[in-house]
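**Student:** Residue numbers (my numbering): 4 to 445.
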DNA sequence: TCTGGGGTCCTAGGACCC
DNA sequence: TCTGGGGTCCTAGGACCC
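Here it is in structure tokens:
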């Protein structure tokens with residue numbers, strides 16, 4: 004295999020590996036249910052920012068045919084008819100629950116890749132004597148008992164197969180929440196793979212599934228049995244790796260240590276249309292400050308910032324405008340004030356009056372480790388200023404961390420913030436704010 | 001009326017260089 | 001008038017993921 008990126012190189016480990024993926028069921032909905040047990044058994048959805056789209060559905064809602072990501076207003080009739088309960092997303096709560104899940108999992112294997120807020124790969128290679136199906140049942144039971152969250156587990160020699168096993172564990176009750184390809188007769192694996200659509204494979208989205216379907220590759224099994232070289236030619240090296248992974252040949256390694264981000268974004272739709280440069284500037288300032296915080300927390304500096312604003316693309320008859328601009332930062336920096344200054348400069352360049360803006364966003368780019376910052380063009384001028392900046396940003400972060408986000412903020416972020424999001428259905432931050440902790444009533 | 005946010009990787013094509 | 005070929009770097013866009 005010709006070179007390539009390290010993380011895609013084949014594992015030097017000989018013999019099949021045992022990779023597990025633990026995935027929380029309907030994570031956001033399950034988090035809400037932990038603190039409101041009365042929601043159990045009832046149809047529940049969690050909505051995206053601005054209560055715009057459905058981003059999590061309980062089984063009852065899935066059974067009604069509600070798809071992931073549909074605009075909430077489109078399912079209003081169903082909501083009325085079936086008494087669907089809807090919640091604004093409460094990310095502080097979900098992040099906190101996620102951390103708890105991950106730390107429990109860490110006890111089951113130190114080789115852990117936190118893949119997303121509700122998913123985690125574990126390398127269980129070498130622990131097969133424990134009977135991994137039983138071992139993973141223990142994982143399920145512990146997370147259920149300690150946190151009240153339901154999870155399913157897939158086990159296989161590769162990540163792609165583990166994801167597939169997880170899918171099976173979720174859909175087919177006879178597996179009782181744990182599906183282990185490493186202990187499955189190959190005839191049974193064939194049968195199951197022939198019964199699952201190719202679109203369920205990790206890495207095969209809607210477009211690829213359509214394209215593959217036109218070529219007669221409609222099931223997981225058909226993709227597994229396709230010629231890898233041919234797939235590479237017709238599609239890409241990525242899909243070729245998927246084919247190999249489906250055959251049990253590992254191409255994706257488990258990444259214990261999370262790599263630093265290469266770009267950091269912050270964007271948001273507004274609660275109501277925004278027209279003025281002033282309001283857009285406040286929003287852009289806030290987003291930039293949030294991104295800069297993340298930048299500092301991973302100890303990077305940014306070499307540039309991209310700013311974009313846009314009108315509502317769904318309003319086809321309204322005038323459309325979606326410009327963007329990238330502003331280089333002369334000196335790579337992590338100082339919120341400097342980055343915000345650059346962002347506002349860029350915003351002024353692209354702003355046009357008379358339009359109804361629906362969203363703004365920024366992206367920090369050209370990130371590099373903050374230690375090895377290049378000596379500036381004017382080193383004599385920078386030195387003193389720099390250590391001041393460092394102390395100030397450090398203090399800012401510490402106060403906001405302790406007292407809550409937004410306790411201290413730049414004046415440019417505004418006071419009124421009439422562009423703020425709507426979020427009228429939010430549950431309390433049970434676990435992260437003392438003033439919203441569960442109250443026990445006699 | 002009302003349509004999310006944050007990431008990654010790969011590829012193609014153009015600019016530029018020798 | 002006729003005008004090569006190969007390499008690198010960058011960017012935009014598309015696909016995917018949750």
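Glycine included, every Cβ here is placed at the ideal spot set by N, Cα and C.
Owing to the predicted nature of the structure, the values given are computational and were not obtained by experimental measurement.
Determine whether the beta carbon atoms of residue 87 and residue 48 lie at a separation below 8 Å.
**Tutor:** Contact flag set, yes.
**Student:** Quick one: what does DSSP say residue 102 is sitting in, helix, strand or coil?
**Tutor:** Three-state DSSP puts residue 102 in a helix.
**Student:** For residue 75, does the count of other Cβ atoms within 10 angstroms reach 16, so buried, or fall short, so exposed?
**Tutor:** Residue 75 comes out buried.
**Student:** Grab me the residues of residue 164's own chain with a C-beta within less than 6 Å of its C-beta, minus the 5 sequence neighbours each way, in chain order.
**Tutor:** Correct list, in chain order: 184.
**Student:** Shortest alpha-carbon distance to residue 369 belongs to which of 309, 322, 28?
**Tutor:** With distances taken between Cα atoms, residue 369 lies closest to 309.
**Student:** Following the continuous beta strand (DSSP E) through residue 122, name the residue where it begins and the one where it ends.
**Tutor:** Looking at the DSSP string, the run of the beta strand (DSSP E) that includes residue 122 is 122-126.
**Student:** List the residues that DSSP assigns as beta-bridge partners of residue 339.
**Tutor:** Looking at the DSSP assignment, residue 339 forms no beta bridge with any residue, so it has no partner.
**Student:** If we ignore side chains and look at the alpha-carbon of each, how far apart do residue 6 and residue 241 end up?
**Tutor:** Low per-residue confidence applies at residue 6: pLDDT is 32, beneath 50, and the placement is therefore not dependable, though the value from the model is reported in the following sentence. Going from the Cα of residue 6 to the Cα of residue 241 covers about 14 Å.
**Student:** Quick test of your reading: residue 267 and residue 289, contact by CB under 8 Å. State the CB separation rounded to the nearest angstrom.
**Tutor:** Residue 267 to residue 289, Cβ: 14 Å. No contact.
**Student:** Our contact map puts residue 112 next to residue 127 with C-beta atoms below 8 Å; I'd like the distance itself, whole angstroms only.
**Tutor:** Going by Cβ atoms, the distance from residue 112 to residue 127 rounds to 6 Å, so yes, they are a contact pair.
**Student:** Is the Cβ-Cβ distance between residue 131 and residue 123 less than 8 Å?
**Tutor:** Not a contact, by the Cβ cut-off of 8 Å.
**Student:** What separation, rounded to the nearest whole angstrom, lies between the Cα atoms of residue 69 and residue 63?
**Tutor:** Straight-line Cα distance between these residues: approximately 10 Å.
**Student:** Would you identify the three-state DSSP class for residue 268, choosing helix, strand or coil?
**Tutor:** In the structure shown, residue 268 sits in a strand (DSSP, three-state: E or B).
**Student:** Hey, could you find the ends of the beta strand (DSSP E) residue 312 is sitting in?
**Tutor:** Where residue 312 is concerned, the enclosing beta strand (DSSP E) stretches over 303-314.
**Student:** Would you call the segment 171-190 in contact with the segment 222-229, where contact means no fewer than 3 C-beta pairs closer than 8 Å?
**Tutor:** Taking 8 Å as the limit for Cβ pairs, the verdict is that the segment 222-229 does not touch the segment 171-190.
**Student:** Give a yes or no on contact between the segment 95-111 and the segment 142-152, applying the rule of three or more CB pairs nearer than 8 Å.
**Tutor:** Yes: at least three Cβ pairs fall under 8 Å.
**Student:** If the criterion is Cβ atoms closer than 8 Å, does the pair residue 219 and residue 209 meet it?
**Tutor:** It is not a contact, given that the beta carbons lie outside the stated cut-off.
**Student:** For the segment 351-367 and the segment 317-333, state whether three or more C-beta atom pairs, one from each stretch, are separated by less than 8 Å.
**Tutor:** Touching, yes, given that three or more Cβ pairs across the two stretches are closer than 8 Å.
**Student:** Spell out the partners DSSP gives residue 183 in its beta bridges.
**Tutor:** Looking at the DSSP assignment, residue 183 forms a beta bridge with 158.
**Student:** Would you check if there are 3 or more beta carbon pairs closer than 8 Å linking the segment 238-254 to the segment 336-353?
**Tutor:** Touching, no, given that fewer than three Cβ pairs across the two stretches are closer than 8 Å.
**Student:** Could you name the residues that DSSP lists as bridge partners for residue 54?
**Tutor:** Answer by DSSP bridge pairing: none, since residue 54 is not bridged.
**Student:** Could you tell me the alpha carbon to alpha carbon distance between residue 53 and residue 422, rounded to whole angstroms?
**Tutor:** Distance between the alpha carbons of residue 53 and residue 422: 11 Å.
**Student:** Comparing alpha-carbon positions, which option in 275, 27, 270 lies nearest residue 420?
**Tutor:** Checking every option, the nearest Cα to that of residue 420 belongs to 275.
**Student:** In the DSSP assignment, find the unbroken alpha helix (DSSP H) run with residue 234 in it and report its ends.
**Tutor:** Unbroken alpha helix (DSSP H) run through residue 234: 231-237.
**Student:** Along the alpha helix (DSSP H) that carries residue 38, what are the first and last residues, could you check?
**Tutor:** Start and end: 30-38.
**Student:** Take the Cβ of residue 448 as the centre, count every other Cβ of all protein chains shown within 10 Å, and call the residue buried at 16 or more, exposed below.
**Tutor:** Here the chain comprises residues numbered 4 to 445, so residue 448 is not present and cannot be evaluated.
**Student:** Can you check DSSP and say which residues form a bridge with residue 241?
**Tutor:** Beta-bridge pairing links residue 241 to no other residue.
**Student:** What's the gap between the Cα of residue 416 and the Cα of residue 340?
**Tutor:** So the two alpha carbons sit approximately 11 Å from each other.
**Student:** Could you check where the alpha helix (DSSP H) with residue 190 kicks off and where it finishes?
**Tutor:** Start and end: 189-197.
**Student:** Could you tell me which residues DSSP puts in a beta bridge with residue 365?
**Tutor:** 269, 310.
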